[in-house]
Amino acid sequence: SKQQFLRSFPGYTMSDGGAAVVLEAADAPGIEGMYFASQSRHWSIGTLPTGGSMFPRDPDATYFDMDGAGLAEAFMDLGPGPVFELLDRLDASIDDFDLIAMHQVAEPHLPRIAERLGVPVDRIVQTIAEHGNLASVTLPLQLRMALDSGRISEGSRVLMVGLAGGISIGLVAVTL
């Protein structure tokens, strides 16, 4: 139906990829801090219901269901609190970071969500237009692109912002 198509439209931009960020022990700062939060009251706006005890092998529940507009509104509701909390813990400001790597669900929502989270959009490597929603691959891809373009290098500070349906946010501040 048209209604279901519009509800799930951001999910149609999901693509596939594989990437990893490999960490190794070092004397340098590396991971400076992390912050994770979720608001499970929003679980129904982005879910893959199959598996677990609810729908262990139900073929009708094997497709990701997402309310794109609802997901954007949930992140708007979340607000900048998590970002400010991590920055406060680090005694830092957003301007102290050379790059912000941020998960991107749909291009029209990116500027609005970034602004609401307190993240300047011009500091984000935008990948959504060319690669679609890469989910967990987005952050490693942005790091690689920023390294290849010379935008960041050893010693750069990076704030990584992971967003997920349900909703949850994960923040990691690192020095490369």
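In my numbering, the protein residues as written are 16 to 191. In this text, a Cβ means the ideal position worked out from N, Cα and C, and glycines have one as well.
> Where residue 100 and residue 54 are concerned, what is the direct C-alpha to C-alpha distance, given to the nearest angstrom?
Replying inline: Straight-line Cα distance between these residues: approximately 16 Å.
>> Just verifying my parser: in three-state terms, what is the DSSP assignment at residue 178?
In response: Reduced to three states, the DSSP call for residue 178 is strand.
> Between residue 173 and residue 143, is the Cβ-Cβ spacing less than 9 Å?
Replying inline: No, the pair does not count as a contact, with Cβ atoms beyond the cut-off.
> What did DSSP end up calling residue 112 once you bin it into helix, strand or coil?
Replying inline: DSSP places residue 112 in coil when its eight states are reduced to three.
> Where are the beta strand (DSSP E) runs, 3 residues long or more, that stay fully inside the region 103 to 173, in chain order?
Replying inline: Listed in chain order, the complete beta strand (DSSP E) runs (minimum 3 residues) inside the region 103 to 173 are 114 to 117.
> Cα-Cα, which of 153, 48, 64 and 40 is closest to residue 32?
Replying inline: Nearest C-alpha to residue 32: 153.
> Which value, in whole angstroms, describes the spacing of the CA atoms of residue 190 and residue 179?
Replying inline: C-alpha separation (whole angstroms): 24 Å.
> Who are residue 186's beta bridge partners in DSSP?
Replying inline: 50 and 176.
>> According to DSSP, is residue 96 part of a helix, a strand, or is it coil?
In response: In the structure shown, residue 96 sits in a helix (DSSP, three-state: H, G or I).
> If you draw a straight line from the C-alpha of residue 104 to the C-alpha of residue 16, how long is it?
Replying inline: Taking C-alpha positions only, residue 104 is separated from residue 16 by approximately 47 Å.
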